[in-house]
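Protein chains in written order, with my numbering: chain A, 216 to 597; chain B, 216 to 597. What follows is a short report on a single structure.
2 protein chains.
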Amino acid sequence: MNEDLEDVDIKRIAELLHTNEQRITGLFKRRTLHRTPAGHLILDRSVSQIEGGTAIFPWEKYEVVWGFPKIHRAMMLQPALLSHFTTERVAVEEKMNGYNTRVATINNRIVALTRGGHICPYTTEKAESLLPEKIFTDHPEWVLCGEMVGPDNPYVPKETYGIESLQFFLFDIREKKTGKPLTIRERRENAEKYGMQTTKLFGIYPLGVACKKIKEIIQMLGTSGREGVVIKDPEMQDPPLKYTSSQSNCNDLKYAFTYYHDYARSFFYSRVMREAFQSVEWKEGPAEIEARSAQLGENILKPMIQSIKKVQSGERLVENVKIRVKSIQTAEKFKKHLRTLGIDATFNKPVKIKDEYLIEIQKINQRTTDKTESILHGHTHS
Amino acid sequence: MNEDLEDVDIKRIAELLHTNEQRITGLFKRRTLHRTPAGHLILDRSVSQIEGGTAIFPWEKYEVVWGFPKIHRAMMLQPALLSHFTTERVAVEEKMNGYNTRVATINNRIVALTRGGHICPYTTEKAESLLPEKIFTDHPEWVLCGEMVGPDNPYVPKETYGIESLQFFLFDIREKKTGKPLTIRERRENAEKYGMQTTKLFGIYPLGVACKKIKEIIQMLGTSGREGVVIKDPEMQDPPLKYTSSQSNCNDLKYAFTYYHDYARSFFYSRVMREAFQSVEWKEGPAEIEARSAQLGENILKPMIQSIKKVQSGERLVENVKIRVKSIQTAEKFKKHLRTLGIDATFNKPVKIKDEYLIEIQKINQRTTDKTESILHGHTHS
Chain A
216 MNEDLEDVDI KRIAELLHTN EQRITGLFKR RTLHRTPAGH LILDRSVSQI
266 EGGTAIFPWE KYEVVWGFPK IHRAMMLQPA LLSHFTTERV AVEEKMNGYN
316 TRVATINNRI VALTRGGHIC PYTTEKAESL LPEKIFTDHP EWVLCGEMVG
366 PDNPYVPKET YGIESLQFFL FDIREKKTGK PLTIRERREN AEKYGMQTTK
416 LFGIYPLGVA CKKIKEIIQM LGTSGREGVV IKDPEMQDPP LKYTSSQSNC
466 NDLKYAFTYY HDYARSFFYS RVMREAFQSV EWKEGPAEIE ARSAQLGENI
516 LKPMIQSIKK VQSGERLVEN VKIRVKSIQT AEKFKKHLRT LGIDATFNKP
566 VKIKDEYLIE IQKINQRTTD KTESILHGHT HS
Chain B
216 MNEDLEDVDI KRIAELLHTN EQRITGLFKR RTLHRTPAGH LILDRSVSQI
266 EGGTAIFPWE KYEVVWGFPK IHRAMMLQPA LLSHFTTERV AVEEKMNGYN
316 TRVATINNRI VALTRGGHIC PYTTEKAESL LPEKIFTDHP EWVLCGEMVG
366 PDNPYVPKET YGIESLQFFL FDIREKKTGK PLTIRERREN AEKYGMQTTK
416 LFGIYPLGVA CKKIKEIIQM LGTSGREGVV IKDPEMQDPP LKYTSSQSNC
466 NDLKYAFTYY HDYARSFFYS RVMREAFQSV EWKEGPAEIE ARSAQLGENI
516 LKPMIQSIKK VQSGERLVEN VKIRVKSIQT AEKFKKHLRT LGIDATFNKP
566 VKIKDEYLIE IQKINQRTTD KTESILHGHT HS
């Protein structure tokens, strides 16, 4: 018998996930549902009706925070819009480049979850100061879904948005235990009422003109290095769709090829496909295709060359990120959290800035460093 | 019990492969060693001392044709040469762009094997007319390893070499039953004696200057669209190494991205790595890196765009290849052979040219066609 099972109430979990006990026992056995070091349970991947990243807190009354659903991507925008949406109008909101978090209260304490359902101690500390407590006491049944954006970001640090440290942008309010979303209007009204930042709404457009509008928005966003849009049914009945700028695709590639042996394989193919379909949909001529090809090639080759040269000169390949915390304890917990996620990192000494500590972190991309070194020493490929 | 085992002499096979009966039975059970539709046995992949592609002919006295060893690739040339070779001088020969075949006589009949060990009926017919029978009667213990090159090539058609139809270029003579190679000199002398074409020898260079020479050769080959070199110990004691031109890497990408959903994933990553290491090794400046990036980007994006447009206009994605045969029967057998290899193809009506039949073949890249169609119809990506 799995030790995870020993002190949990299978019947209660089955109830919360709207399924039967046998199924829950099966999920435990296959370790699809498992206990985290923090003590709560997470579902590793989606299983029929239950979203991956769903977290169960087996404390007192047992609570669940439903996983955030994967948003499908439009590859060819116009046909995707027409075949995906059943509504007449779509809301176009900004998709920001940070990391996804779900914030809720469990036993009257705020917890911020990663996409996978882990409690991130850093995000939790940030959520405590960035989010109004009142929304949680007024609506304990809600989970606030948002993007954590800015430079003091240990996952996806970005200077793009002019944010000083780290900011939370609300993009969804959902019911904790079902994942059911509020409408766009309800969410935006509540954001205003409680004084929360929310992702930019470009407009609500009739389906017939949305494609043209989105193209304009995407091109505008791209020129300032921003990621793209999420296209939503204003009533949130149809699931949303995402669509990104070419610059965002290229930035992903640049990142992936810097740490080519860690990330490039899984990143590459989908990004290139997006470029090709966007070019065809936008009916680009030879000069535009030429420019897009050059961009693509550069964002693949240059970061790789730079990484090889770094290793050649004796450096290790690391990603420099930073966090800014009120409590040193949060940093300690965050260190453990990264280890749980399988991320190898070294933490610099904290530097006190006003009432906070700035801590620089080096995330180590060992596989790419090792691979590069071995080739530089004459290793051949089979 | 596996039916492949029923009428074969396990003991004899174990003897031929220098191993024990138990191991052979195990290989059969795991289907690593299996019977082809032609009736002989092939080893799917290398297992410790036995090369993948090794073929056993369980007829009369039982014969074996040892698999052709995988040639490792230098990623960073200079350190690879120094760490790989134990000799003082290396021979640099051309690596031609066609397909690898091993030709031998089994029961006094010529058979031409693919890399994987299948008998290719087309290559066999070609080998019968292109190779001198006398070498097989003088040396029944030899297998002639060579590249089949030219436009009438159903696997890798190339106009590059100014060959009218299809030509065999000898690159190795090996002992059938062990795979042990003749020295470079022995091979070239025999090629001359029997009047066979052999791959070009650029020279035999001291290890200290080989890297510089190879760079010059690679650049020269690249400008005429040729593939690269194989670097060999003249005595053939150390295994050879291969190294290719940037143009060849880019051509591979162009091909792979034309049929992106069939090939791109597996092709891409290694090609891009080759480009990055070559650029670093050749100490390229910004302008050269720019040019290389542009080349790379173009060879990825343009073929994809072209394929998407083709499917958009209602075409199927096919590779047009052709064969030229003396006997219509060979074409029939070749059709079956392609089916065995899992290749979907349609054959046009044979056109008689002199004493031969030219047959155009469309190899169908169904996966890419289907994927493209579905996206054009609005399918989104999860």
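We put the beta carbon where it would ideally sit given N, CA and C, even for glycine. Since the model is a prediction, treat every value here as computed from it, not as a measurement.
Item	Value
If you follow the alpha helix (DSSP H) that Q493/A is in, where does it begin and where does it stop?	475-496
Report the neighbours of G512/B on chain C: residues whose CB is nearer than 8 Å to its CB, in chain order.	Given the protein chain composition of this structure (A and B), no chain C is represented.
Going by the DSSP bridge assignment, what does W357/A pair with across the sheet?	E390/A
At which residues does the beta strand (DSSP E) containing I558/B begin and terminate?	Premise fails: I558/B is in no beta strand (DSSP E) and is neither H nor E.
Considering only C-alpha positions, which residue in the set E343/B, R389/B, H354/B, K447/B is nearest to T302/B?	K447/B
Using a Cβ-Cβ cut-off of 6 Å (strictly less than) and excluding sequence neighbours within five positions of T459/B, which residues of its own chain qualify?	E442, G443
Using a Cβ-Cβ cut-off of less than 9 Å, list which residues of the stretch 238-253 of chain A approach chain B; keep chain order.	none
Which chain B residues sit within Cβ distance under 7 Å of I265/A?	Neighbours of I265/A on chain B: none; closest Cβ ~16 Å, over 7 Å.
What is the residue span of the alpha helix (DSSP H) that H299/A lies within?	292-299
Can you tell me the Cβ-Cβ gap for H287/A and H596/B, rounded? I've got them flagged as a contact below 8 Å.	6 Å
Using only CA atoms, which one of N466/A, V305/A, V371/A, G331/A lies nearest to I177/A?	The structure shown does not extend to residue 177/A, since chain A spans only 216 to 597, so no value can be given for it.
Spell out whether any CB of chain A is found under 7 Å from the CB atom of K285/B.	yes
From the beta carbon of T595/A, is the nearest beta carbon of chain B less than 7 Å away?	yes
So what does K569/B bridge to, in DSSP terms?	None, per the DSSP bridge assignment.
Can you pull out the residues from the stretch 297-320 of chain A whose beta carbon lies closer than 9 Å to at least one beta carbon of chain B?	L297, S298, H299
Counting only C-beta atoms, is V526/A closer than 7 Å to chain B at any point?	no
At which residue ranges does the stretch 425-478 of chain B contain complete beta strand (DSSP E) runs of 3 or more residues, listed in the order of the chain?	443-447, 456-459
For I520/B, which residues in chain A fall below 7 Å Cβ to Cβ?	A491, S494, V495, I504
Tell me which residues share the same chain as E275/A and place their Cβ nearer than 6 Å to its Cβ, disregarding the 5 neighbours each side in the sequence.	none
Just confirm the distance between the C-beta atoms of I576/A and D559/A, as a whole number of angstroms; I'd bet it's less than 8 Å.	So it is not a contact: roughly 11 Å between Cβ atoms.
Does any C-beta atom of chain B lie closer than 7 Å to the C-beta of M216/A?	Confidence is the limiting factor: at M216/A the pLDDT is only 42, short of 50, which leaves the residue's position unreliable, though a coordinate-based value still follows. Chain B, which has no Cβ nearer than 7 Å to the Cβ of M216/A, makes this no.
In whole angstroms, what is the alpha-carbon distance linking M216/B and H594/A?	At M216/B, the pLDDT of 41 sits below 50, so the modelled position is not reliable; the number obtained from the coordinates is stated separately. Cα-Cα distance, rounded: 43 Å.
Does DSSP put M216/A in a helix, in a strand, or in coil?	Note that M216/A scores 42 on pLDDT, short of 50, meaning its location in the model is unreliable and no value can be drawn from it.
Express the C-alpha separation of V262/B and I574/B in angstroms, rounding to a whole number.	38 Å
Mind checking the stretch 439-467 of chain B against chain A and listing, in chain order, the residues whose C-beta falls within less than 7 Å of any C-beta there?	L456
Quick check on the DSSP output: the beta strand (DSSP E) that includes G683/B runs from which residue to which?	Here chain B covers residues 216 to 597 and nothing more, so residue 683/B does not appear.
Once DSSP output is grouped into helix, strand and coil, what is the label at M311/B?	coil
Leaving aside the five residues before and after T320/A along the sequence, list all residues of the same chain whose C-beta is less than 7 Å from its C-beta, in chain order.	F351, P355
In the DSSP assignment, find the unbroken beta strand (DSSP E) run with A327/B in it and report its ends.	324-328
What span of residues does the alpha helix (DSSP H) with I535/B cover, start to end?	Here residue 535/B turns out to be Asn, not Ile, going by the sequence shown. Note, N535/B: premise wrong, no alpha helix (DSSP H); beta strand (DSSP E) at 533-540.
Does DSSP put I579/B in a helix, a strand or coil?	strand
So which residues on chain A does A270/B lean against when the C-beta distance must stay under 9 Å?	In chain order: nothing, as chain A lies at least about 21 Å away.
If you follow the beta strand (DSSP E) that E499/A is part of, which residue opens it and which one closes it?	Note, E499/A: premise wrong, no beta strand (DSSP E); not H, not E.
Is there at least one Cβ from chain B nearer than 7 Å to R480/A's Cβ?	yes
Among all the DSSP beta bridges, which residues are the ones paired with L416/B?	E308/B
Compare the C-beta of M291/A against all C-beta atoms of chain B and say whether one is closer than 7 Å.	yes
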